[in-house]
Amino acid sequence: MKTLTQANIDILLTGALFYGTGGGGNPERAKQIMRSIAKNKALPSLISSSELPSGAICITGFPVGGLKSDKIPLNVFNKMLKYYRNILKKKISAIVPVEIGPLSLAVSLQLASSLRLPLVDADIVGGRSSPEVFLETITLFSIPRTPLVVFNAQGAYKTLTRTSSYQDEERFLRSFAADSGGFAYVFGYPLSKKSILVSVTPGTVSQAIRVGRMIQEGLLASNLKNIGAEKIYQGTVGAIEPITQQGFASKFIDMQNGRQTARLFAKNENIILWINKKVALTCPDLLVLVNNAYVPIFNENLRIGMPVIVLGIKSVPLWRTQKGKWLFSPKTFGFPFQPVLL
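Numbering-wise, the numbering used here comes out as the position in the sequence shown, counting from 1, plus 1.
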């Protein structure tokens with residue numbers, strides 16, 4: 002078990018922005034939440050998956066929608082947490098982050114802090130952020146996410162107690178978020194220790210802290226190989242072309258450097274990179290945009306003329322299985338080709 006401190010909270014936020022691959026929720030809102038928890042001396046401890054007690058049940062909490070980020074009032078947050086505990090009717094042992102991204106991780110910290118429970122050093126997406134709810138490693142094992150509750154800033158909510166498919170879960174959550182102005186929170190995913198050990202990648206919160214420290218100390222460029230990353234492209238943003246997709250912040254980002262052109266497709270997160278019109282790297286591997294100081298860039302902060310470096314990072318082993326590559330594939334996003342990986 003490790004202790005999270007005020008000092009490594011800012012480092013964790015930097016690492017979460019890096020592994021958020023351009024998305025993962027608004028980092029400014031995440032910073033407000035994390036610093037408020039730290040100020041109140043209510044930071045949770047960090048526990049490994051293997052340290053969970055036998056029979057443990059863990060839940061998660063996360064935002065759903067595009068990159069819009071409303072503030073959920075604390076009284077609404079606490080009211081819905083109480084409601085969820087009542088419908089779950091099971092003792093909660095710990096909180097597991099849904100993904101490594103700024104706001105998603107901050108909501109998990111807030112949930113752990115509110116319940117005075119540890120945060121599991123793992124995440125359900127697999128060491129990164131993803132746009133669709135079903136792009137989680139638990140989908141590979143057909144592990145249910147229900148019961149869950151989705152709610153908005155006004156306190157309106159809907160409960161899902163059972164579903165026939167992960168596609169239905171996605172539609173349910175996206176529909177509620179769209180009806181709520183594009184943003185909502187979710188509590189749910191009661192996972193047993195056994196399920197977590199099989200279906201969830203361990204150590205990803207610690208990895209975000211490790212990489213966040215490298216970034217803050219200016220050491221990331223010299224440590225790319227150590228984190229399974231490599232520099233793929235460097236240039237300047239030439240155009241940003243928004244794509245209308247309800248519930249998502251989707252776009253094409255065009256870049257050039259005088260020798261090569263590049264195009265990046267992002268759906269909240271960075272998904273596919275082309276260089277000179279040839280597919281260079283795709284999901285499930287990670288595409289991370291950083292500036293010339295190797296500080297990660299949140300996609301909503303991209304501007305024309307901005308210098309960028311594109312890093313590619315190997316995805317976790319669960320995503321590199323045959324089933325993982327089938328699920329987290331360019332075809333999932335409507336493109337007619339298979340994954341191209343490092």
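Note that CB positions come from ideal geometry on N, CA and C, so glycine has one too. In this text the structure is predicted, and so the values were computed from the model without any measurement.
Is it the case that the Cβ atoms of residue i and residue j are separated by a distance below 8 Å?
i: T6; j: L44; result: yes
i: L288; j: N271; result: yes
i: P64; j: V108; result: yes
i: G24; j: N269; result: yes
i: G183; j: K315; result: no
i: V206; j: I305; result: no
i: T140; j: G127; result: no
i: R129; j: T22; result: yes
i: K231; j: L312; result: A small fix is needed here, since residue 231 is Glu in this sequence, not Lys. In this structure, L312 lies closer than 8 Å to E231 by Cβ.
i: V212; j: L225; result: no
i: S196; j: I144; result: yes
i: W275; j: R264; result: yes
i: N300; j: A250; result: yes
i: D169; j: S49; result: no
i: A178; j: G66; result: yes
Keeping to the same chain, check which residues put their C-beta closer than 8 Å to that of residue i; ignore five residues upstream and five downstream.
i: V199; result: F142
i: V150; result: M81, Y84, Y85, I88, Y158, K159, T160, L161, V187, F188, G189
i: T322; result: L141
How many Å lie between residue i and residue j at the Cα?
i: V309; j: K91; result: 47 Å
i: F334; j: T245; result: 13 Å
i: F329; j: L136; result: 6 Å
i: I241; j: V201; result: 34 Å
i: N227; j: Q247; result: 38 Å
i: A154; j: V77; result: 7 Å
i: S51; j: S105; result: 23 Å
i: L53; j: A281; result: 40 Å
i: L18; j: S55; result: 33 Å
i: S176; j: D124; result: 24 Å
i: Y234; j: A57; result: 44 Å
i: E29; j: K72; result: 11 Å
i: V32; j: G102; result: Here the sequence assigns Lys to residue 32, which means Val is not the residue at that position. Distance between the alpha carbons of K32 and G102: 12 Å.
i: Y167; j: L120; result: 25 Å
i: A95; j: P203; result: 14 Å
i: K40; j: L75; result: 16 Å
i: S223; j: F338; result: 33 Å
i: R36; j: I210; result: 16 Å
i: G219; j: M307; result: 20 Å
i: G156; j: M256; result: 42 Å
i: V296; j: N258; result: 20 Å
i: W327; j: K194; result: 26 Å
i: K279; j: F152; result: 42 Å
i: S181; j: P331; result: 29 Å
i: L319; j: L174; result: 25 Å
i: R117; j: S165; result: 33 Å
i: A8; j: P340; result: 38 Å
i: Y20; j: A294; result: 16 Å
i: N79; j: A185; result: 15 Å
At what residues does the beta strand (DSSP E) containing residue i begin and finish?
i: Y190; result: 184-193
i: K268; result: 262-268
i: P148; result: Neither: P148 is in no beta strand (DSSP E) and is coded neither H nor E.
i: V291; result: 287-291
i: A250; result: A250 -> no beta strand (DSSP E), and no H or E assigned at all.
i: G313; result: 308-314
i: K279; result: 279-283
i: Y158; result: 158-161
Looking only at its own chain, which residues have a Cβ that is under 6 Å from the Cβ of residue i, when we skip the five neighbours before and after it?
i: L192; result: C59
i: R163; result: T147
i: K3; result: L47
i: C284; result: I272, F329
i: L342; result: D286
i: I34; result: A107, Q111
i: I10; result: M35, A39
i: E100; result: D124, V126, S130
Consider the C-beta atom of residue i and the heavy atoms of the ligand ZN; say whether any pair is separated by less than 7 Å.
i: T202; result: Because no ligand of any kind appears in the structure shown, any question about the ligand ZN cannot be addressed here.
Just to confirm my understanding: we take residue i, look at its own chain, exclude 5 residues before and 5 after, and list those with CB closer than 7 Å. What are they?
i: I38; result: L44, L110, Q111, S114
i: E133; result: E171
i: K252; result: I241, E242, P243, I244, A267
i: Q217; result: I12, T15
i: K324; result: L141
i: Q208; result: G128
From what residue to what residue does the alpha helix (DSSP H) around residue i run?
i: A17; result: 7-20
i: A39; result: 28-40
i: Q323; result: 323-328
Determine, using beta carbons only, whether residue i comes closer than 8 Å to chain B.
i: A185; result: In the structure shown, chain B cannot be found, because there is only a single protein chain.
Only counting runs of 4 or more residues, tell me where the alpha helix (DSSP H) segments fall wholly within the stretch 46-127, in order along the chain. 75-89, 103-116
Within the stretch 166-243, note down every full alpha helix (DSSP H) run reaching 4 residues or more, in order along the chain. 167-180, 194-200, 205-217
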